[in-house]
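**Student:** Here it is, the structure in full.
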Amino acid sequence: MTSFFDKNEGLIQEYGKLKTLEESEAFILEHPHLASEYTANYLTIDALNMAIDHKEEEMSNIARQCIVIQYLLELAKNMNAIPTNASIIKAFFKKFRAADPQYLKLYTDEVAAFEDRLRRRAKEKRDAALAEYEAEEKEKRIAAAPGGLDPQEVYESLPEEMRAAFDSQDVSKLQEVALSMDREVFSYHFQRCIDSGLWVPNASSDEAEQQEHAEEGATAEPQS
């Protein structure tokens, strides 16, 4: 399969861009070896990549071209014939052009179902890639944190008034929160802020002193 792809990638991509049955027939007759499951497999992967990149028009066209190949292969199988045979290729396209509405509806329904499968699979792949990226970013944040806590998770877990004080970058507001909030609750969240790097104690004071100052009225600067 890899050898087939290496030798025919350009041809398969060119075929996947064709718009009409006439163009497809002429191209397959010129390159009959493309009447292969390998071609259908490549087009499926190519269409999926287009769906992942939200290239809807390109995905739909490649999907249609893929189904044409699959229908050609199915006809050859039913006739116990070789799909690369020129007579079979001509007979297929002649039948396709003269097809009754029911056959054409079957084809369009098949294309639509294929496109839906591609869109669902593309979303799954995008979601998986995003989850992997977020996991990597979380690992980086934890590695950089002085106490091994994820600053993003710590920030999101803060009480609303404490989070608002951080957002304002106003130390006086954090001091007000320290005075109004339950001391143990504030102390818990404040220590987590230090451990995650959201709050950096002044270098001239030890950590315990800094926390005490913050609880009474913070003296250090919140990180942006």
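Last residue of the sequence shown: 224 in the UniProt record's numbering, with the numbers rising by one and none dropped.
Virtual Cβ for every residue (Gly too), placed ideally from N, Cα, C.
Residue 142 to residue 196, Cα distance in whole Å?
**Tutor:** 7 Å
**Student:** Name the two residues that bound the continuous alpha helix (DSSP H) containing residue 181.
**Tutor:** First-last for residue 181: undefined, no H or E at that position.
**Student:** Between residue 34 and residue 66, is the Cβ-Cβ spacing less than 8 Å?
**Tutor:** Inclusion of residue 34 and residue 66 in the CB contact set at 8 Å is not warranted, their separation being larger than that value.
**Student:** Kindly indicate the opening and closing residues of the alpha helix (DSSP H) around residue 149.
**Tutor:** Per DSSP, residue 149 belongs to no alpha helix (DSSP H) and is neither H nor E.
**Student:** Using a Cβ-Cβ cut-off of 6 Å (strictly less than) and excluding sequence neighbours within five positions of residue 110, which residues of its own chain qualify?
**Tutor:** 67
**Student:** Along the chain, where does the alpha helix (DSSP H) that runs through residue 53 open and close?
**Tutor:** Per DSSP, residue 53 lies in no alpha helix (DSSP H) segment and is marked neither H nor E.
**Student:** Please tell me whether, using a cut-off of 7 Å, the distance from the CB of residue 90 to the nearest non-hydrogen atom of the ligand NAP is below it.
**Tutor:** The model on display carries no ligand, and the ligand NAP is accordingly not part of it.
**Student:** Among 180, 178, 56 and 14, whose alpha-carbon lies nearest the alpha-carbon of residue 115?
**Tutor:** 56
**Student:** Below 8 Å on the Cβ atoms is my contact criterion, and I expect residue 51 with residue 118 to pass it. Report the Cβ-Cβ distance as a whole number of Å.
**Tutor:** The beta-carbon separation of residue 51 and residue 118, rounded to 4 Å, stays under the 8 Å limit for a contact.
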